[in-house]
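For reference, the structure is listed below as structure tokens.
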Amino acid sequence: MIFMVASTNLVVELGVVLYLLLGWKFLVAQLVGGVVMVVLLALTTRVLFSAAREARLETRVLADAPPRTLTEGTWRERLRDRENLSAAARYTVGDLTMLRRELVAGFLIAGFVSADVPAAWWRDLFWSGHGGWSVLENAVVAPLLAVVTFVCSVGNIPLAAALWGHGVAFGGVIAFIFADLITLPLLFIYRRFYGTAAAWRLFALLWFVISAGGLIVNGLFHVARLVPTDHHPRVLSGDFPLGSTLVLNVLATLVLLLAWWVARSAPPSARVATDPVCGMSVDVASPAATAVRDGVTFYFCSPRCLEHFERDELPSSGEAERHVEAERHVDPVCSMSVDGVEGPSARGADGVTYYFCCEGCRRTFLQGPRLPASLPIERG
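Pasting the structure below:
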């Protein structure tokens, strides 16, 4: 639980977006609040999850857990491996593919909330002008609003900026940002992994920790006189000034385009497959789930994607073709594509099985094996 909170609230990319959209005080509040939530979880988790209940959940989860494999080589060796760099680019593009709806939805909903929701509606939902009672009510209600917005992680920050712009208390906005762990999609995932009863307990525990974390951060910042007073974040002003921000945007776009080009131009790899449901890149050595259809193995980032797949919602024929392509091998001598099912093969000195288009290439390999840096291989 602590790792899950830290991996969503104490990460670099979230801090960058917070700083750019809401300022450094919100960034510091996020970091302080993450530590506060870790402490609260350490103190309160046992109240709802006893040792016996935890043991039952562990048995349930491990029964469905896939086998894990260790990464080979040192980090320096992996950094010099061109195939690892290609795999990193694939994961980057895969994560963007998986999150594109969430990111678009976050900014779209934030724009709608800022421009079209009447101010009276916000006054009715979030109290103001009642001192500490307003902060308490905002911190309790804000996570519930996050539940129904369906937007997680980075996509929550534009919505938080919209709440701040409409006068929601500092502690309420911080609680809303923390609430990316109890949005409806994640609650369904908790139910899938832990069962309905445990999912409800988990929701109650996180709701308490999130609201308490927002209140504690608000109190600490109030004592330190660091609570922001300007409720007009730049992101909602409609201004697009030129300067350093534009330069950074251009550079970031170029880096993303480079990653996309590397991911698309790299040869098929036996290490990485694409989840046919969400588009995320999956390590074939340790997928969350797999399925075989028409002789083709599909790899999934989560059991939920497998459930969608089994309902025949996906994949398209194009996705299937890419998986078939990833199942093929490359002759290390002539670089011809071979299927690896029939034809000559040989095991190299490194313990890897290589496939060849003909006996001539096989003999050449055995006489003096050559291994291209980005060759897709099958582990023996």
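Here the sequence shown is numbered in the working numbering, starting from 29 and rising by one per residue. C-beta: ideal position from N, C-alpha, C; glycine also.
C-alpha gap between residue i and residue j, whole angstroms
{"i": "Arg88", "j": "Gly247", "result": "40 Å"}
{"i": "Ser162", "j": "Gly199", "result": "10 Å"}
{"i": "Ala225", "j": "Asp359", "result": "53 Å"}
{"i": "Phe140", "j": "Leu187", "result": "10 Å"}
{"i": "Ser373", "j": "Asp109", "result": "24 Å"}
{"i": "Leu164", "j": "Thr72", "result": "20 Å"}
{"i": "Trp21", "j": "Leu113", "result": "Because the chain spans 29 through 408 in this model, residue 21 falls outside it and cannot be assessed."}
{"i": "Leu107", "j": "Leu285", "result": "20 Å"}
{"i": "Ile244", "j": "Ala91", "result": "39 Å"}
{"i": "Leu48", "j": "Arg118", "result": "27 Å"}
{"i": "Ala148", "j": "Trp155", "result": "11 Å"}
{"i": "Arg339", "j": "Ile137", "result": "30 Å"}
{"i": "Gly159", "j": "Thr281", "result": "44 Å"}
{"i": "Gly101", "j": "Ala252", "result": "48 Å"}
{"i": "Leu394", "j": "Ser293", "result": "30 Å"}
{"i": "Ala79", "j": "Ala70", "result": "14 Å"}
{"i": "Arg151", "j": "Asp144", "result": "14 Å"}
{"i": "Glu347", "j": "Val67", "result": "The predicted position of Glu347 is uncertain, since its pLDDT is 46 and thus under 50; no value can be drawn from it."}
{"i": "Ala174", "j": "Phe236", "result": "14 Å"}
{"i": "Met29", "j": "Arg219", "result": "15 Å"}
{"i": "Arg128", "j": "Arg229", "result": "30 Å"}
{"i": "Ala34", "j": "Leu274", "result": "31 Å"}
{"i": "Ser314", "j": "Ala115", "result": "15 Å"}
{"i": "Val283", "j": "Val132", "result": "20 Å"}
{"i": "Ala197", "j": "Leu279", "result": "35 Å"}
{"i": "Ala83", "j": "Cys385", "result": "52 Å"}
{"i": "Arg321", "j": "Pro146", "result": "51 Å"}
{"i": "Gly157", "j": "Val40", "result": "35 Å"}
{"i": "Glu105", "j": "Phe249", "result": "45 Å"}
{"i": "Arg74", "j": "Val44", "result": "33 Å"}
Identity of the residues DSSP links to residue i by a beta bridge
{"i": "Ala115", "result": "BP columns for Ala115 are empty, so no partner."}
{"i": "Phe328", "result": "Ala317"}
{"i": "Val300", "result": "Asp311"}
{"i": "Arg375", "result": "Thr381"}
Residues near residue i in its chain [Cβ-Cβ closer than 8 Å; skip 5 each side]
{"i": "Phe337", "result": "Pro304, Val305, Ala319, Phe326, Phe328, Pro343"}
{"i": "Met32", "result": "Leu209"}
{"i": "Leu276", "result": "none"}
Beta-carbon proximity list for residue i, same chain, < 7 Å, skipping 5 on both sides
{"i": "Ala232", "result": "Leu76"}
{"i": "Asp123", "result": "Met308"}
{"i": "Leu215", "result": "Ala227, Phe231"}
{"i": "Leu46", "result": "Phe54, Leu55, Gln58, Ile185"}
{"i": "Leu334", "result": "Ala317, Ala319, Phe328"}
{"i": "Ser272", "result": "none"}
{"i": "Leu12", "result": "With the chain covering only 29 through 408, there is no way to say anything about residue 12."}
{"i": "His259", "result": "Trp192, Gly193, Gly195"}
{"i": "Arg81", "result": "none"}
{"i": "Leu254", "result": "Lys53"}
Cβ separation of residue i and residue j, assumed to be a contact under 8 Å, to the nearest whole Å
{"i": "Ser239", "j": "Val176", "result": "Going by Cβ atoms, the distance from Ser239 to Val176 rounds to 16 Å, so no, they are not a contact pair."}
{"i": "Arg299", "j": "Glu111", "result": "7 Å"}
Same chain, Cβ closer than 6 Å to residue i, neighbours up to 5 away in sequence not counted
{"i": "Gly323", "result": "none"}
{"i": "Gly241", "result": "Gly61, Val64, Met65, Phe206"}
{"i": "Val201", "result": "Ala188, Leu191, Trp192"}
{"i": "Ala291", "result": "Ala117, Arg118, Val121"}
{"i": "Leu234", "result": "Leu209, Ile210"}
{"i": "Ser330", "result": "Ala316"}
{"i": "Glu387", "result": "Pro372"}
{"i": "Ala203", "result": "Ala167, Ala170, Pro171, Ile238, Ser239, Gly242"}
{"i": "Trp288", "result": "Val121"}
{"i": "Tyr222", "result": "Leu85"}
{"i": "Arg391", "result": "none"}
{"i": "Leu153", "result": "none"}
Contact with chain C by residue i, beta-carbon distance below 9 Å
{"i": "Leu59", "result": "The displayed structure is made up of one protein chain only, and chain C is not part of it."}
Legend entry - Within the region 156-236, ranges of the alpha helix (DSSP H) (whole runs, at least 4 residues): 160-177, 184-193, 198-206, 212-222
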